[in-house]
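Engineer: Right, I'll just put the structure down here and ask away after.
Protein chains in written order, with our numbering: chain A, 40 to 317; chain B, 6 to 125.
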């Protein structure tokens with residue numbers, strides 16, 4: 040087994056490597072070349088700091104992509120194909136990412152692993168990662184919402200400047216996927232500010248993707264966290280009634296109740312992990 | 006002849022379904038991603054559509070939403086085939102309006118009967 044820089048390969052090969060590693064994965068999530076490129080752009084994944092492994096026959100056997108943001112790095116799209124298993128491929132890719140993160144002088148290396156993927160979780164623990172929190176990936180099929188019950192008095196569209204000012208001021212530390220950098224990488228980012236009759240207020244920022252609403256972030260500025268979240272989401276889904284929706288990496292807290300009331304359900308969970316490097 | 010459209014990106018899974026169903030006098034059509042699956046569903050008027058939930062371009066869940074909006078496909082059963090954990094798969098099936106669910110790996114003995122039930 041040999042670990043090589045991913046920039047020695049084409050994006051098509053990287054996509055094949057990713058899909059090969061996910062062929063029998065716990066949550067099947069294959070990607071097309073276009074989708075993987077979009078993912079890399081959105082989440083600051085740097086192909087120059089990513090790695091592909093090859094087996095003894097020089098066949099691609101695994102992939103690890105590395106996101107890079109100032110003093111932070113992020114492991115994503117890690118997968119090992121059937122031809123690379125039980126040969127230390129995952130360990131080799133991990134070590135390459137750790138070494139590269141030190142070279143980049145990152146102070147933290149982050150990742151998420153699908154909950155119940157115990158072999159991967161063990162690999163990360165052995166490599167010095169600790170669990171920080173459990174995150175929910177939620178979906179919502181397009182169903183009508185009764186907006187009237189929320190006593191919404193005003194819904195205004197947010198411009199990019201307003202969103203850029205609001206996104207860094209959130210209640211909780213966002214996960215890599217929902218960080219301000221990720222959202223501002225999206226050219227067509229949209230946002231809504233919602234005011235309620237009792238003075239409550241909240242906003243949503245989201246991306247109207249080709250097929251679904253994604254990168255949904257809701258923040259409550261005033262009022263009950265769950266109720267205002269539901270009201271903001273009702274305004275959002277009233278605005279886009281026919282769209283499928285994904286809200287990734289939510290915490291199971293009071294706000295999650297607001298998402299659930301708006302029709303979201305728990306599709307699967309990720310465990311966020313971090314390795315301090317300094 | 007009964008026509009089944011299979012929207013599945015995994016070659017091995019596709020071939021397995023073909024080998025199990027073709028001896029039962031079904032004609033199998035195949036699309037290996039969501040975009041081509043939607044186009045084939047609209048153009049080929051299949052009797053049944055099997056959709057893998059995990060596709061490289063569009064999720065199977067999103068595809069079923071599009072298909073259900075097509076008047077010509079209103080009476081065509083759309084069945085999810087997925088390797089998602091059964092409880093999550095069931096929830097996805099119900100929320101997104103699939104007509105049925107078959108979990109992977111398929112049981113090659115019972116699979117033809119499962120398909121026949123959806124077509125009955």
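Even for Gly, the Cβ is constructed at its ideal location relative to N, Cα and C.
So which residues of chain A does residue 88/B contact, with C-beta pairs closer than 7 Å?
Structural biologist: Within chain A, the residues near residue 88/B are 67.
Engineer: Which bits of chain B does residue 180/A rub up against, with CB to CB less than 8 Å?
Structural biologist: The contacting residues are 66, 70, 100, 101 and 102.
Engineer: Measure how close the beta-carbons of residue 194/A and residue 274/A come, nearest whole angstrom, since I'm counting them as under 8 Å.
Structural biologist: Confirmed, about 5 Å.
Engineer: Is it buried or exposed, residue 81/A, if we count other Cβ atoms within 10 angstroms and call 16 or more buried?
Structural biologist: Per the 10 Å Cβ criterion, buried.
Engineer: Across which residues does DSSP place residue 16/B in a beta bridge pair?
Structural biologist: Answer is none; residue 16/B lacks a bridge partner.
Engineer: Quick one: does residue 288/A have its CB under 9 Å from some CB of chain B?
Structural biologist: By this cut-off, residue 288/A is not an interface position.
Engineer: If we ignore side chains and look at the alpha-carbon of each, how far apart do residue 22/B and residue 73/A end up?
Structural biologist: About 28 Å.
Engineer: Identify, in the order they occur along the chain, each residue of the same chain with its Cβ nearer than 7 Å to the Cβ of residue 45/B, setting aside the five sequence neighbours on each side.
Structural biologist: Excluding positions up to five away in sequence, the list reads 10, 34 and 36.
Engineer: Beta-carbon separation of residue 269/A and residue 297/A under 9 Å?
Structural biologist: Going by C-beta atoms, residue 269/A is nearer than 9 Å to residue 297/A.
Engineer: Does the beta-carbon of residue 109/B have 16 or more other beta-carbons within 10 angstroms, so that it is buried, or is it exposed?
Structural biologist: Classification of residue 109/B: buried, given that the 10 Å Cβ count is 16 or more.
Engineer: If you run the structure through DSSP and keep just helix, strand and coil, what is residue 193/A?
Structural biologist: Note: residue 193/A maps to strand in three-state DSSP.
Engineer: Taking residue 289/A and residue 187/A to be in contact with their CB atoms under 8 Å, please state how far apart those CB atoms are, rounded to whole angstroms.
Structural biologist: So it is not a contact: roughly 26 Å between Cβ atoms.
Engineer: Just to check my reading of the structure: residue 102/A and residue 91/A have Cβ atoms closer than 8 Å, yes? What is that Cβ distance to the nearest angstrom?
Structural biologist: Confirmed, Cβ separation roughly 5 Å.
Engineer: I'd like to check one pair, residue 60/B with residue 83/B: are the Cβ atoms closer than 9 Å?
Structural biologist: No. Outside cutoff.
Engineer: Anything in chain B within Cβ reach of residue 133/A, meaning under 9 Å, just list it in chain order.
Structural biologist: Correct list: empty, because the minimum Cβ distance to chain B is about 25 Å.
Engineer: How big is the Cα-Cα spacing for residue 170/A and residue 264/A?
Structural biologist: Approximately 26 Å between the Cα atoms of the pair.
Engineer: Does the separation of the CB atoms of residue 250/A and residue 63/B fall below 9 Å?
Structural biologist: Against a cut-off of 9 Å, the Cβ pair of residue 63/B and residue 250/A comes out as a contact.
Engineer: Taking beta-carbon pairs under 9 Å, can you tell me which members of the stretch 50-64 of chain B lie near chain A?
Structural biologist: Residues passing the 9 Å Cβ filter: 57, 58, 59, 60, 61, 62, 63 and 64.
Engineer: Which complete alpha helix (DSSP H) runs does the stretch 255-294 of chain A hold, if anything under 4 residues is left out?
Structural biologist: Here the runs fully enclosed are 264-278.
Engineer: Show which residues of chain B have a CB atom less than 7 Å away from the CB atom of residue 251/A.
Structural biologist: Per Cβ cutoff of 7 Å: 67.
Engineer: Kindly indicate if chain A contains any beta-carbon less than 9 Å away from that of residue 22/B.
Structural biologist: Answer no: the Cβ-Cβ gap between residue 22/B and chain A never drops below 9 Å.
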